[in-house]
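To keep things clear, I will list the structure first and then write my remarks on it.
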Amino acid sequence: VSSMAQGPFAAAANSPALHQAFDLLVGERRWEPRYALGSFPLRFPHTEEPDDAGWHIEGSYLPDGEALYHSNLRSRGRALLMLFLFSEVTEADAPTRIRVGSHLDVPPVLETYGEAGASFLELGPKVAEASAHRPLAHATGRPGDVFLCHPFLVHAAQPHHGTRPRFMAQPPLYPAVPYELERADGDYSAVEFAIRRGLAQEA
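According to my numbering, the stretch in the sequence shown is residues 62 to 264, in order.
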């Protein structure tokens with residue numbers, strides 16, 4: 062399901078608690094308010110295996126002449142990966158799989174591609190291999206729960222062999238200004254700090 066901008070969906074990303082969290086993670090005045098909730102990757106119980114369950118990071122921009130969305134080291138076009146739950150999601154409801162700490166494994170992979178970056182399809186096997194040692198978690202929760210994730214978090218869908226449909230939105234938080242990895246004043250956001258840490262520029 063594509064972008065939903067009706068009243069409840071427009072309001073979902075604009076609670077005071079979320080805005081405060083955006084400030085803490087991305088930096089004050091460094092993110093754009095959202096008034097729609099992007100795509101809804103719905104999951105219904107099914108016996109067949111899905112064809113989109115590989116480990117990956119999200120692409121965030123489409124270079125001229127390219128057919129697939131790309132990512133680069135400064136996470137151009139995406140400040141955060143967000144997961145909004147609109148149904149109860151248990152272990153049996155095909156929750157998103159997350160490799161905990163994998164956002165630290167991705168910067169060295171992206172660094173080799175420079176500012177141009179690479180497509181999520183090209184990056185998928187490489188970030189999967191780089192993060193294979195990380196522990197697994199599942200994005201379970203109740204309706205109204207929101208996961209705010211580093212844009213480089215390696216994650217994956219999975220087959221739904223349960224009984225209830227899963228409703229979730231997966232919009233990006235857009236940056237108001239690009240992430241910077243070399244700030245003269247050292248005023249790094251939490252996301253920038255994590256990228257630098259992944260590059261061994263921070264302890």
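Every residue gets a Cβ at the ideal spot worked out from N, C-alpha and C, and that includes glycine. All of these numbers come straight from a predicted model, not from anything done at the bench.
Per-residue burial, residue i [other beta carbons within 10 Å of its own, 16 or more giving buried]
i      : result
Asn133 : buried
Ala218 : buried
Arg139 : buried
Gly247 : exposed
Leu86  : buried
Tyr99  : Note that residue 99 corresponds to Gly in the displayed sequence, not to Tyr. Gly99 comes out buried.
Gly178 : buried
Supposed contact pair residue j and residue i - C-beta distance, whole angstroms, cut 8 Å
i      : j      : result
Arg135 : Leu242 : 7 Å
Gln156 : His117 : First, the residue type needs correcting, since residue 156 is Pro and not Gln in the sequence shown. The Cβ separation is near 16 Å, so there is no contact.
Gly120 : Tyr130 : 3 Å
Ala82  : Leu209 : 6 Å
Leu146 : Pro204 : 6 Å
From the options, residue whose alpha carbon lies closest to that of residue i
i      : options                           : result
Asp166 : Ala153, Leu182 and Pro186         : Pro186
Ser76  : Arg90, Glu149 and Pro94           : Pro94
Glu89  : Ile256, Val238 and Ala245         : Val238
Arg91  : Pro69, Phe105, Arg137 and Val161  : Arg137
Glu172 : His221, Gly259 and Phe181         : Gly259
Glu176 : Tyr240, Ala74, Pro204 and Pro220  : Tyr240
His222 : Val161, Ala153 and Ile256         : Ala153
Ser148 : Ile256, Met229, Arg160 and Val207 : Met229
Asp84  : Ala97, Ala189 and Ser250          : Ser250
Leu234 : Asp206, Glu253 and Met143         : Met143
Ala191 : Thr201, Pro212 and Gly162         : Gly162
Thr151 : Arg104, Tyr174 and Ala189         : Arg104
Span of the beta strand (DSSP E) around residue i
i      : result
Val207 : Val207 to Cys210
heavy atom of the ligand GDP below 7 Å from residue i C-beta
i      : result
Ser132 : Only the bare structure without any ligand can be found here, which leaves the ligand GDP out of the picture.
N-terminal and C-terminal residue of the alpha helix (DSSP H) that residue i is part of
i      : result
Glu253 : Ala251 to Gly259
Ala78  : Pro77 to Val87
| Those runs of the alpha helix (DSSP H) which lie wholly inside the region 128–200 and span at least 4 residues | You should have 167–172 and 181–191.
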